[in-house]
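First to last, the protein sequences are chains D and A.
Each residue of the first sequence is one higher than the last, beginning at 25 in this note's numbering.
Each residue of the second sequence is one higher than the last, beginning at 25 in this note's numbering.
Idealized CB from N, CA, C, for every residue including glycine.
See structure below.
Number of protein chains: 2
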Amino acid sequence: MRRPDARPLYMQVEAILKERIVSGAWVSGQALPAEPELAADLGVSAGTLRRALAELERRHLIERRQGRGTYVAQQTSERALGQFFRVRNLAGNPVEPETLITRVVTAPASEEDVECLHLSPGAEVHRIDRSRIFEGEPRIVERITLPAALFPGLSLPLAPEQLGTEIYVHYRYRHGIIVVRADEKLSATPASEEDAAVLGCAVGTPLLLIERVTFDAAGRAVELRVSRLDTRAHRYAVEIV
Amino acid sequence: MRRPDARPLYMQVEAILKERIVSGAWVSGQALPAEPELAADLGVSAGTLRRALAELERRHLIERRQGRGTYVAQQTSERALGQFFRVRNLAGNPVEPETLITRVVTAPASEEDVECLHLSPGAEVHRIDRSRIFEGEPRIVERITLPAALFPGLSLPLAPEQLGTEIYVHYRYRHGIIVVRADEKLSATPASEEDAAVLGCAVGTPLLLIERVTFDAAGRAVELRVSRLDTRAHRYAVEIV
DNA sequence: CGTCTTGTGTCTTATACAAGACCATGCAAA
DNA sequence: TTTGCATGGTCTTGTATAAGACACAAGACG
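In structure tokens form, the structure reads like this:
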């Protein structure tokens, strides 16, 4: 096997398969060809292909089921919540948030937006202000900032049947953006008057401030999200390994 | 190959190797036998052994270096900081903390200790109060709680040459405890008078409260740590994948 | 100071069988 | 006839083996 590319073969295979998913050549939910067939197509052994598939599965780009086949992963609310939503109640159990969108505007990017999302100065962004509600109580206020270039004609889940749908599902199916990773920076901040009004707490109550930058499968920064979490009845959970 | 054990062979091999490390049969820094030799010893193929080794490396129990060999991982301050210390400055760079121990006592476990560390009521614990200092400024106050049964005759890094040594290094080399995982719960809390005195902030300043339970390679809860981080100049960083 | 040799982990291939899922067939019961 | 279900065939991924080429590190040797 010729290897003008310096990377190991299994990494090249992984990149090829990832490209097929990112480009939309293989759509969400679609079954991949069976391993022997795909390996023959790519001109590699089954073992090499399997190593590439294992890595793609680890990154949640595909799902494999013994006896059935390998499928391009689907983005669902359950998965988005399980993977990216780290809020737990005091018993340590996951909570199911409702969402209330309060404002959507399109505006020029701020300096912070330009830096975090690697935009060119003067680019436009969409801003979504919303609150998240656990068991009837508003517990998070947040602002989501999206590069307008990546989300043309931004459509949001506003219809009743979509209210329970996580926004990352919309990124995927409306805009073709596959969210795979996020960096978060956490700090503590006092509640502003607006925070206090929404969250029903005193002004100055310590809130957990979460600054998230989200990346898609192609490695682009696609979302900046600043959240304020009322931690009177909830915690942000992290597992360190 | 007989398999009365239901688990796949590579998992059984992984468990055997882990046991050899946890029990001390293979000590920290020691080179493992070469792969073909070890595979023959265990009566498995090289491929099966390599799969087990890959998992142990992922959990930081061994280190592999092409051309040199495979070694039982050593616990160093650098590794403990890199793996478990998530504080960054505002530029996003890691900080190098100094440590000031203010108080060490042995006392009966509280209810919270019993629950978090899975102790029997009435068990004793060591408590270590300390502060952590970044670039000359105290930024964290924390209390570490350890089951006395696991840390008999607790020895702490008090000598001058040990001041830069992370406490997990001592757990490993003084008490044979290999820290591999931690669960953290984060919230925001106002600074108490004592917090404010140490951190040089106003009473009521929002602090990031970190409640950590640490686990060793055998799966035991071995440490409860409650930290308060002053986030005026630092952040707690998380990567979500 | 290069070069060779030896020992190590890494990559790739090939083959075989195990285990899970699905489906068509066909028999038995209603 | 229709329904229900057991059975076996066949497709899938998962596990385990073996063998060889390759890349890297360290020490020996000229």
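TODO: Express the C-alpha separation of E263/A and R156/D in angstroms, rounding to a whole number.
DONE: 22 angstroms
Open item on the list: Taking the straight line between their C-alpha atoms, what separation do you get for E166/A and A241/D?
Closed with: 38 angstroms
- [ ] Identify the contact partners of V265/A in chain D, using a Cβ-Cβ distance below 9 angstroms as the criterion.
- [x] R82, R83, H84, Q107, V204, R205, A206
Task: Residue burial classification, T130/D (beta-carbon count within 10 angstroms, cutoff 16) - done: exposed
TODO: Answer with yes or no whether the minimum CB distance from S211/D to chain A is below 8 angstroms.
DONE: yes
Open item on the list: In the DSSP output, which residue or residues are listed as bridge partners for R151/A?
Closed with: Paired residues: V129/A, T169/A.
Open item on the list: Residues of chain D with CB closer than 8 angstroms to the CB of A261/A, please, in chain order.
Closed with: D207, E208, K209, L210
Task: the stretch 229–255 of chain D: positions lying closer than 7 angstroms to chain A by Cβ - done: Result list: P230, L231, L232, T255.
- [ ] Quick one: measure Cβ to Cβ for A76/D and V37/D, integer angstroms, because I've assumed they're closer than 8 angstroms.
- [x] 4 angstroms
- [ ] Using a Cβ cut-off of 7 angstroms, pull out every chain D residue sitting near P118/A, in sequence order please.
- [x] Simply none; closest approach about 13 angstroms.
Task: Cutoff 8 angstroms: P214/A Cβ touching any chain D Cβ - done: yes
- [ ] Report the residue from E59/D, D219/D, R83/D whose alpha carbon sits nearest the alpha carbon of I202/D.
- [x] R83/D
- [ ] Would you check if the distance between the CB atom of L232/D and the CB atom of A212/A is smaller than 8 angstroms?
- [x] Taking C-beta atoms as the reference points, L232/D and A212/A count as a pair closer than 8 angstroms.
Open item on the list: Measuring only the C-alpha atoms, how far is V271/D from Q98/D?
Closed with: Examination of residue 271/D is not possible in this model, given that chain D is present from 25 through 265 alone.
Open item on the list: Count Cβ pairs between the stretch 141–151 of chain D and the stretch 168–181 of chain D that sit closer than 8 angstroms; are there 3 or more?
Closed with: A contact exists between the stretch 141–151 of chain D and the stretch 168–181 of chain D.
Open item on the list: Is it buried or exposed, A70/D, if we count other Cβ atoms within 10 angstroms and call 16 or more buried?
Closed with: exposed
Task: Same chain only: Cβ atoms within 8 angstroms of V119/D, ignoring 5 sequence neighbours per side - done: V111, R112, N113, F158, E159, H258
Task: Inter-residue Cα distance where the pair is E135/D and L210/D - done: 20 angstroms
Open item on the list: Within a Cβ cutoff of 7 angstroms, which residues of the same chain sit near V68/A, ignoring the five residues on either side of it in sequence?
Closed with: L33, V37
Open item on the list: I'd like the span of the beta strand (DSSP E) that includes R259/A, first residue to last.
Closed with: 258–264 is the extent of the beta strand (DSSP E) around R259/A.
Open item on the list: Could you tell me the alpha carbon to alpha carbon distance between L62/D and G48/D, rounded to whole angstroms?
Closed with: 17 angstroms
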